[in-house]
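Visitor:
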Amino acid sequence: MADKKRLVIVSGSFPKISCGVSGHVELVARLTAERGDYDVHVLTSDDPLVDETIAQGYEVHKRIKCWSMGRALSIVKQILALEPDIVHLQNQTIKYYGWGGLTMSLVAPLLKLRARGVRLVVMQHDVAIGREWLRWRYWPLFVSADAIFVSNSRDEQAIAAQGIGRKKIYRCPVSSHFSMEPSDAAGRAAARGELGIAEDEKCWAYFGYVHPGRNIDVLVRATAALADRGVKVRGVIMGGAFAGMQRYYDDCKALAERLGVGDCLTWTGYADERQIAMGLAAADVFVSLPERGADMRNTSILTAMLAGVPIVTMENRRYYVDKDLRQYGCRCVAGATVAQVAKALAEVWDLPRDEQMLARRAKFLERGRIWNLHIDEHYRAYRGEGPSAPMRFEG
Numbered sequence: 061m062a063d064k065k066r067l068v069i070v071s072g073s074f075p076k077i078s079c080g081v082s083g084h085v086e087l088v089a090r091l092t093a094e095r096g097d098y099d100v101h102v103l104t105s106d107d108p109l110v111d112e113t114i115a116q117g118y119e120v121h122k123r124i125k126c127w128s129m130g131r132a133l134s135i136v137k138q139i140l141a142l143e144p145d146i147v148h149l150q151n152q153t154i155k156y157y158g159w160g161g162l163t164m165s166l167v168a169p170l171l172k173l174r175a176r177g178v179r180l181v182v183m184q185h186d187v188a189i190g191r192e193w194l195r196w197r198y199w200p201l202f203v204s205a206d207a208i209f210v211s212n213s214r215d216e217q218a219i220a221a222q223g224i225g226r227k228k229i230y231r232c233p234v235s236s237h238f239s240m241e242p243s244d245a246a247g248r249a250a251a252r253g254e255l256g257i258a259e260d261e262k263c264w265a266y267f268g269y270v271h272p273g274r275n276i277d278v279l280v281r282a283t284a285a286l287a288d289r290g291v292k293v294r295g296v297i298m299g300g301a302f303a304g305m306q307r308y309y310d311d312c313k314a315l316a317e318r319l320g321v322g323d324c325l326t327w328t329g330y331a332d333e334r335q336i337a338m339g340l341a342a343a344d345v346f347v348s349l350p351e352r353g354a355d356m357r358n359t360s361i362l363t364a365m366l367a368g369v370p371i372v373t374m375e376n377r378r379y380y381v382d383k384d385l386r387q388y389g390c391r392c393v394a395g396a397t398v399a400q401v402a403k404a405l406a407e408v409w410d411l412p413r414d415e416q417m418l419a420r421r422a423k424f425l426e427r428g429r430i431w432n433l434h435i436d437e438h439y440r441a442y443r444g445e446g447p448s449a450p451m452r453f454e455g
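Residue numbers (this note's numbering): 61 to 455.
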């Protein structure tokens, strides 16, 4: 492959390491390799969980034993040993924890000092939801990079606030990990029948881990408030307790019983794709209330959009606001209070369901299309072309 430029993707995580970035790295490597324009390599952790046998059209190198700050120069040497033309760093991953959160901020400048001719691009995840002073730990990484990938406008705003020019920031849209499509009336009726939800009951659904950062207790209290007003309300919670959060999960179930809405809620525990599809088909509205606000990288929200379901979610201006959520028709509350959430649910239920808009949104966000746009934007950065304008849905 001497006629192709060599692309080395550097990531602490790769399947089957349990990390949200693992699947993303594999997808990017595979889709890029399929296009045939680059000689693609993944440099990742020397971890028995890494399954290099899944690689299709690219090579996986399990070489990095430690991702600590003190190993930054060693990591750079491992990268350069692969003789890259382009280096694509993933930041963060579950492997960069504690002081390891600073590792890439050392790797990037060291790499540019040793190999100025190598083009350095960075995929930055979740910078906006960090505390303001902690966001600055990535400044050396951002300054050293030739291009920075983000998946949403909040991360773009947070990086630009550090004095990084917008021409260096590339918005790469992401899609759900799940294949979903809107259900017709028969599909909705079948799903509601399987879950025991009556035709005249209003149903909200949530899926994802159950932990305090998702304000599930607020959803339980909002359900009780609506029931007290005479609303026939049901809720479907698809997901188990986050690691170390079983007590919170149990407390939320106990709270529902104390408030008299235990029979109104269905708790599926950890759910598979079929269960999620059924719950979304049954729902009149999907609800997700991330304490630090939502954006267009939240898998659960993207999945609900693909399923053609109205959405209630939350903004938190302390961590920037993704205005795209409103563009895509989401009803956004300013805080996770019982009154605001109950009011938002009631208002969405009272409005006629705009099936045409929901179907257009689902089609616009079709997974194959979005991931191809994601790789297109990577190519622009790899080639030194400027970022394209963010895509816009006219709801």
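The C-beta atom is built at its ideal place from N, Cα and C for all residues, glycine as well. These figures come from a predicted structure and were not determined experimentally.
1. Can you name the start and end residues of the beta strand (DSSP E) that L103 belongs to?
2. What separation, rounded to the nearest whole angstrom, lies between the Cα atoms of V181 and A343?
3. Extract the residue ranges of the alpha helix (DSSP H) inside the segment 117–180, only unbroken runs of 4 or more that lie entirely within it.
4. Please report the straight-line C-alpha distance between E351 and L109, rounded to a whole angstrom.
5. How close, in whole Å, do the beta carbons of A265 and V296 come, if the pair is a contact with beta carbons under 8 Å?
6. Short of 6 Å in beta carbon distance, which residues of its chain neighbour Y442, apart from the five on each side in sequence? Order them along the chain.
7. What are the start and end residues of the alpha helix (DSSP H) that includes T397?
8. Would T113 be called buried (16 or more neighbouring beta carbons within 10 Å of its own) or exposed?
9. Could you tell me which residues DSSP pairs with K65 in its beta bridges?
10. Would you tell me roughly how many angstroms separate the C-alpha atoms of E261 and R420, rounded to the nearest one?
11. Tell me, to the nearest whole angstrom, how far the beta carbon of T41 is from that of S71; I am working on the premise that it is less than 8 Å.
12. Buried or exposed: C126, going by 16 or more other Cβ atoms within 10 Å of its Cβ?
13. How would you label E375, buried or exposed, when you count the other beta carbons within 10 angstroms and need 16 or more for buried?
14. Which class does C263 belong to by DSSP, given the choice of helix, strand or coil?
15. With DSSP collapsed to three states, give me the class of G253.
Guide: Straight from the coordinates:
1. Y98 to S105
2. 41 Å
3. 132–141 and 163–174
4. 31 Å
5. 4 Å
6. I146
7. Note, T397: premise wrong, no alpha helix (DSSP H); not H, not E.
8. exposed
9. Y98
10. 26 Å
11. Absent from the model: residue 41. The displayed extent of the chain is 61 to 455, so no value can be given.
12. exposed
13. buried
14. strand
15. helix
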